[in-house]
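Some notes on the structure that comes next.
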Ligand code: FES
Ligand SMILES: [Fe+2]
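Numbering (my numbering), first residue to last: 1 to 392.
Structural data, given as structure tokens:
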């Protein structure tokens, strides 16, 4: 790590320069196992990262193992319907607790010696711990050996975790973006999508470091060449850059038009301003959540890094209000998913070729164009500051 760190530290000042003078992160940051772990522990782990959707835990009493960057985690919806996240490991001898997602009515039982935990992580049973048929043991309190919990929060049906446990409160983290979008949806408008069931879903594996889909999402510059059809409907000229704070950047469009299907259109946010009905925003919420908002739906993509050069993109489209999930809107929902699927699949070759380019000694971070790449540069600066905080 030391050699790679020195290598990168030398370039961090360059990343933090003004956009027209800066260069980007070096290749090692995208290609090496050392930086993958550094990204996890020093960058992603220090803030709030998206790991799952609430819809993946369909009912109270449901548990889902999630491997996040090599860390086995367990997301549980408890009997009260609240979502909690734990390390997916038994407190006794460290066996992986759950391998497959499933409904859990009462307890989660370890397969090794049958220690059992309730859905709030409390250790409830320790069979034969004090000898045959003796289930308690002097000097051992079950209260001290529950599952190890991880700070978590749910917003727009995204389950966020803070791995290190010392990040700012989630409410502070999300406040700038939530406020920005409540200006479009009205107060509590985003709750309308959070409660809508059966959104549309898609998973897309990409052979690229997790940072490249973030960077690609931050810019509209590639639209005419990578998304010719989208560019016809919502052209580059109708887009504008957004740098919405230290950990939010992306683009907006003035030209979003919902496509009616069989004369049906999806329900819209009731308080969305009429003069902005065609506005849409596409923002990366660092580190790993890509978000879109339009008058009739939102979407979120969670970037789940698997290896330095492999990421899974998990998409959920949310519609507005429970009514939007009725059968009569199914063709609209299907069309919305199909449209986005086309766009996101078009991006795959781009991020994968960006990853391939990072094998080249002829590339040392590149340059940012001062206008078109400003949101991407904002992300680079955020990552660079994370590296600096870790290694200075
Ligand atoms: S390792 Fe889980 S009960 Fe022993
Ligand atoms: Fe794109």
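All residues carry an ideal CB built from backbone N, CA and C; glycine is no exception.
Item, Value
"Cβ-Cβ separation, residue 244 to residue 177 (assumed contact under 8 Å), whole Å", "7 Å"
"Beta-ladder partner(s) of residue 53, from DSSP", "158"
"Length of the line joining the Cα atoms of residue 335 and residue 50", "26 Å"
"Local conformation of residue 203 per DSSP, three classes", "strand"
"Residue 424 - partner residues in DSSP beta bridges", "Residue 424 lies beyond the range of the chain shown here (1 to 392); nothing can be said about it."
"Residue 380 - DSSP class collapsed to helix/strand/coil", "helix"
"Exposure label - residue 331; buried when at least 16 CB within 10 Å", "exposed"
"Backbone CA spacing between residue 169 and residue 257 [nearest angstrom]", "36 Å"
"Proximity test, residue 347 beta-carbon vs ligand 2 heavy atom, cut-off 6 Å", "yes"
"Residue from 31, 381, 55 with nearest C-alpha to residue 154", "55"
"Where residue 237 falls: helix, strand or coil (DSSP)", "helix"
"Residue 218 beta carbon less than 7 Å from that of residue 45", "no"
"Helix, strand or coil at residue 261 [DSSP, three-state]", "strand"
"Delimiting residues of the beta strand (DSSP E) encompassing residue 209", "Looking at the DSSP string, residue 209 is not in any beta strand (DSSP E), and its letter there is neither H nor E."
"First through last residue of the alpha helix (DSSP H) which encompasses residue 346", "330 to 357"
"Limits of the unbroken beta strand (DSSP E) element including residue 251", "248 to 253"
"Any beta strand (DSSP E) of 3 or more consecutive residues that is wholly inside the stretch 22 to 108", "49 to 53, 62 to 68, 71 to 77, 83 to 87"
"Three-state secondary structure assigned by DSSP to residue 276", "helix"
"Simplified DSSP assignment, three categories, for residue 319", "strand"
"Where residue 129 sits in the DSSP three-state scheme", "coil"
"Cut-off 7 Å between Cβ atoms - residues of its own chain near residue 378, not counting five sequence neighbours on either side", "243, 249"
"Given 8 Å, three or more beta-carbon pairs between the stretch 279 to 292 and the stretch 209 to 226", "yes"
"Validate contact between the stretch 288 to 295 and the stretch 145 to 154 using beta carbons, cut 8 Å, 3 pairs", "no"
"Segment contact flag, the stretch 366 to 386 with the stretch 266 to 273, C-beta cutoff 8 Å, min 3 pairs", "no"
"Enclosing alpha helix (DSSP H) for residue 16 [first to last residue]", "Where residue 16 is concerned, there is no enclosing alpha helix (DSSP H), given that its DSSP letter is neither H nor E."
"Counted within 10 angstroms of its Cβ, other Cβ atoms place residue 137 as buried (16 or more) or exposed", "exposed"
"Integer Cβ distance of residue 79 from residue 65, believed to fall under 8 Å", "Incorrect: roughly 19 Å between the Cβ atoms, too far for contact."
"Distance between beta carbons of residue 318 and residue 199, contact taken as under 8 Å", "5 Å"
"Of the residues 184, 147, 57, the one placed nearest residue 276, counting alpha carbons only", "184"
"Residues near residue 235 in its chain [Cβ-Cβ closer than 8 Å; skip 5 each side]", "223, 224, 255"
"Cβ shell of residue 1 (< 6 Å), same chain only, five flanking positions each side left out", "Because residue 1 sits at a pLDDT of 46, beneath the cut-off of 50, its placement in the model cannot be relied upon, and the following sentence gives the value as read from the coordinates. Same-chain partners within the cutoff: 34."
"Span of the alpha helix (DSSP H), counted from its first residue to its last, around residue 182", "170 to 185"
"Residue 229, DSSP secondary structure in three states", "helix"
"Residue 194, enclosing alpha helix (DSSP H) - first and last residue", "189 to 194"
"Neighbourhood of residue 381 by C-beta, 7 Å cutoff - its chain only, sequence neighbours within 5 removed", "15, 16"
"Proximity test, residue 414 beta-carbon vs ligand 2 heavy atom, cut-off 6 Å", "Limits of the chain in this structure are 1 at one end and 392 at the other, which puts residue 414 out of reach."
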